[in-house]
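Single-structure report; data block below.
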Amino acid sequence: MRVTLVRHGETTGNITDTLQGQLPGKLSKRGKKQARFLKEILDLDQFDYVISTDLKRGLETTKTIIEHFSIPLVCDPLLRERHFGVFQGTNRTCFYNHERSLDDRYNNRPEEGESFQDLYDRARQFVKKLKVNYKNKRILVISHGDWIRMCLGVLKNIPVSKAAQIRQTNACINEVKIDGDSFELIKLNSVEHLPMATLSNNKTDL
2 MRVTLVRHGE TTGNITDTLQ GQLPGKLSKR GKKQARFLKE ILDLDQFDYV
52 ISTDLKRGLE TTKTIIEHFS IPLVCDPLLR ERHFGVFQGT NRTCFYNHER
102 SLDDRYNNRP EEGESFQDLY DRARQFVKKL KVNYKNKRIL VISHGDWIRM
152 CLGVLKNIPV SKAAQIRQTN ACINEVKIDG DSFELIKLNS VEHLPMATLS
202 NNKTDL
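For the sequence shown, the working numbering begins at 2 and goes up steadily by one.
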């Protein structure tokens, strides 16, 4: 099975340093351009299925990519970004600076929200489902920065703390090959398809 993981394009929330989590979000002008460049570089004929987050900013990216293509689309809530609970909509940098100061930050669960460990476990659920339902298929997955970090962490069998350090730039492409329990990383955080003028200059890649 070959899986291509794509982070959604830049959002207005990325620009304003807003902690979006499971809020819908919307693509910025640059984010819409990034989605169009993704459409140009991704050869949809090579994929059997597209699986997308159901959050607006991700779906907007997905719909741009698959426009005019007839390909099965599955929207899966397992691909949603981490839920930050009562902190959603607040300043992203302030939240993460606070969380980094905690002794056990990866198990920190905001009120009404999820911890990094919760997100890691949710990504593991998706990987299990992928292996059962899409064996030997070629899958395009569109999701969010923290979710893709945790998904790659599951596939690489590394702890949450290391997975959280994986860089994921807006509209980046990752490619992996999965064969049973074996895993091969082919491409990580690739932005070669994006002209310099369309690269996001926000700090959400880490």
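We put the CB at the ideal spot given by N, CA and C, even for glycine.
- In the DSSP assignment, Glu-185 is bridged to Lys-178.
- The C-beta of Lys-178 has fewer than 16 other C-beta atoms within 10 Å across all chains shown, which makes the residue exposed.
- According to the DSSP secondary-structure assignment, Ser-162 is paired through a beta bridge with no residue.
- Around the beta carbon of Leu-186, a 10 Å sphere encloses fewer than 16 other beta carbons of the protein chains shown; the residue is thus reported as exposed.
- Spanning the alpha carbons of Asp-180 and Leu-131 requires a straight line of approximately 11 Å.
- For secondary structure counted as the beta strand (DSSP E) over 3 or more consecutive residues, the segment 30–58 holds these complete runs in sequence order: 50–53.
- When Thr-199, Met-2, Glu-11 and Lys-27 are compared, the shortest CA-CA separation from Gly-146 is found for Glu-11.
- The straight-line gap separating the alpha-carbon atoms of Arg-8 and Phe-85 is approximately 19 Å.
- Sequence-distant Cβ neighbours of Gln-35 in its own chain, meaning closer than 7 Å and more than five residues away, are Gly-10, Glu-11, Asn-171, Ala-172, Leu-195 and Thr-199.
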